[in-house]
Amino acid sequence: MSEDNILTAHGWVRGRLIHEHGKVVSIEGQPCDPADNDLPYLLPGFIDLHVHGGGGKDIMEGTPAFETITKTHVRFGTTSLLATTMTAPNEEISRVLKDVGEFCEQRPKGSARVLGVHLEGPYINPGKLGAQPNFAHTALMAEVEEYLALAPIRVITIAPEIAGHDGLIRALSARGVRMQIGHTLGSYEEGVAALAAGASSFTHLYNAMSPLHHREPGIVGAALAHAKYAELIPDLLHVHPGAIRVALRSIPCLYCVTDSTAAAGMPDGEYKLGSHTVTKCLGGVRLPDGTLAGSTLTMDQALRNLVKIGLPISEASQRLSQFPADYLGLQERGRLQPGAWADCVRLDRSLTLTAVMVEGEDIDFKNA
Numbered sequence: 001m002s003e004d005n006i007l008t009a010h011g012w013v014r015g016r017l018i019h020e021h022g023k024v025v026s027i028e029g030q031p032c033d034p035a036d037n038d039l040p041y042l043l044p045g046f047i048d049l050h051v052h053g054g055g056g057k058d059i060m061e062g063t064p065a066f067e068t069i070t071k072t073h074v075r076f077g078t079t080s081l082l083a084t085t086m087t088a089p090n091e092e093i094s095r096v097l098k099d100v101g102e103f104c105e106q107r108p109k110g111s112a113r114v115l116g117v118h119l120e121g122p123y124i125n126p127g128k129l130g131a132q133p134n135f136a137h138t139a140l141m142a143e144v145e146e147y148l149a150l151a152p153i154r155v156i157t158i159a160p161e162i163a164g165h166d167g168l169i170r171a172l173s174a175r176g177v178r179m180q181i182g183h184t185l186g187s188y189e190e191g192v193a194a195l196a197a198g199a200s201s202f203t204h205l206y207n208a209m210s211p212l213h214h215r216e217p218g219i220v221g222a223a224l225a226h227a228k229y230a231e232l233i234p235d236l237l238h239v240h241p242g243a244i245r246v247a248l249r250s251i252p253c254l255y256c257v258t259d260s261t262a263a264a265g266m267p268d269g270e271y272k273l274g275s276h277t278v279t280k281c282l283g284g285v286r287l288p289d290g291t292l293a294g295s296t297l298t299m300d301q302a303l304r305n306l307v308k309i310g311l312p313i314s315e316a317s318q319r320l321s322q323f324p325a326d327y328l329g330l331q332e333r334g335r336l337q338p339g340a341w342a343d344c345v346r347l348d349r350s351l352t353l354t355a356v357m358v359e360g361e362d363i364d365f366k367n368a
């Protein structure tokens, strides 16, 4: 086996990664500076906590779509992900959650691991839908309990300003569900109160939330002033590079997601996003009125974009792997160290992906 510049939990090592039964056994080698050689980079596999679709398929289609989606994203270095729902009628969400719950119990050969669900809606503000269909409604604990019984829901996006949602944030965060503030018209004060109640992150920071103004800081201001974690879409279309830099300086564990749709990994054209039809063109995905509707971003391109705006490869990797794993409390993913899952990606010196491994399986993504 050839040598790599391996990004370990303790820094760069020039050497070899040894794995057995899907887990890292050891990393053999010596500390190094990759600038001193021309070897490839071996990084932890990417963890994407906001995936609506890919390969022409949408999560809301249920089981028939999941394998296509997970095999599409693994081609771009995503080794694990959260299946992310759209706002929809109760019966549709329940059907999809049941399907995801069953799919999470396995991992088809050649696929990324589905870690659970990001429930993006329906508990959002109907005045800040973004590209979400208009099925938003106030959360009821009885409904949430039904959902939790169907699938491992890791993350719920919620608008904190809606009456009753503060109690839900408090109750569900105490049970380990990550409550994220998003699709919201809330004020700075309501954002801060939600964090105090247990909310722990912000959904696609800057997008679909009340903006920062120096006399009305809004939800963006609450995030920049107080958050430890927030997700951000670094496709350089959803958020200006300057605003990304602001967030990087303000939020210690800012992590990146794709918010990818069925159009990810596909040519320009029309695709489904929940009950919407969206169009991929000019590098983005939009509703007929021009509203951004998710993205076509892949995680390997997210890495390149972060490096392009000035992040060292080690920090860019951290924000695509370790921080999302830490956010979910997953100490065996998002880092390369003995005992962790053997999830990794190899990139050449131009940061082009050349190999992917998921739980010790070499992925034949070039012939997929």
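All residue numbers for the sequence shown refer to the UniProt record's numbering, where the first residue is 1 and numbers rise by one. Beta carbons are placed, not taken as given, at the ideal position from N, Cα and C, and that holds for glycine.
**Request:** Answer yes or no: do Glu3 and Leu43 have a C-beta to C-beta separation smaller than 8 Å?
**Result:** no
**Request:** Taking all protein chains shown into account, decide if Ser111 is buried (16 or more other Cβ within 10 angstroms of its Cβ) or exposed.
**Result:** buried
**Request:** Figure out for me which residue from Ile158, Leu273, Gly130 and Gly269 has the closest Cα to the Cα of Ala65.
**Result:** Leu273
**CA-to-CA distance, Thr352 to Pro108, given in whole angstroms** = 25 Å
**Prompt:** Would you call the CB atoms of Leu342 and Lys23 closer than 8 Å?
**Reply:** First, the amino acid is wrong: residue 342 is Ala here, not Leu. Cβ distance < 8 Å, so Ala342 and Lys23 count as in contact.
**Prompt:** What number of angstroms, rounded off, separates the C-alpha of Lys57 from the C-alpha of Ala262?
**Reply:** 5 Å
**Request:** Might you give, ordered along the chain, the residues of its own chain that have their beta carbon closer than 8 Å to the beta carbon of Tyr327, omitting 5 neighbours on each side?
**Result:** Leu49, Arg178, Ser200, Ser201, Tyr229, Cys253 and Tyr255
**Item:** Inter-residue spacing [alpha-carbon to alpha-carbon] between Glu332 and Gly339
**Value:** 7 Å
**Message:** Let's see if you can read the secondary structure: which residues bound the beta strand (DSSP E) around Thr258?
**Reply:** Per DSSP, Thr258 belongs to no beta strand (DSSP E) and is neither H nor E.
**Request:** Would you mind working out which of Thr203, Leu237 and Ile233 sits nearest Ala222, comparing C-alpha positions?
**Result:** Thr203
**the stretch 190-197 / the stretch 160-168 touching (three or more Cβ pairs under 8 Å)** = yes
**Message:** Which residue wins for smallest C-alpha separation from Gly360, given the options Arg170, Val25, Gly290 and Leu7?
**Reply:** Val25
**Request:** Use the C-beta contact count for Glu102: other C-beta atoms within 10 angstroms, 16 or more gives buried, fewer gives exposed.
**Result:** exposed
**Prompt:** Buried or exposed: where does Cys344 fall if 16 or more other Cβ atoms within 10 Å of its Cβ makes it buried?
**Reply:** buried
**Request:** Let me know the secondary structure DSSP gives Lys98 once reduced to three states.
**Result:** helix
**Contact set for Tyr123: own chain, Cβ-Cβ below 6 Å, skip 5 residues either direction** = Ala139 and Ile158
**Enclosing alpha helix (DSSP H) for residue 419 [first to last residue]** = This structure cannot speak to residue 419, because the chain is shown only from 1 to 368.
**alpha helix (DSSP H) segment containing Glu189, residue limits** = Tyr188 to Ala197
**Request:** Could you pull out every residue in the same chain whose Cβ sits closer than 6 Å to the Cβ of Leu347, ignoring the five residues on either side in sequence?
**Result:** Tyr41 and Leu353
**Cβ shell of Met60 (< 6 Å), same chain only, five flanking positions each side left out** = Met86, Val96 and Gly274
**Request:** Drop a sphere of 10 angstroms on the beta-carbon of Leu81, count the other beta-carbons inside from all chains shown, and report buried for 16 or more, exposed for fewer.
**Result:** buried
**Request:** Can you grab the Cα-Cα spacing for the pair residue 378 / Asp289, in whole Å?
**Result:** Nothing can be reported for residue 378: it is not among the residues displayed for the chain, which extend from 1 to 368.
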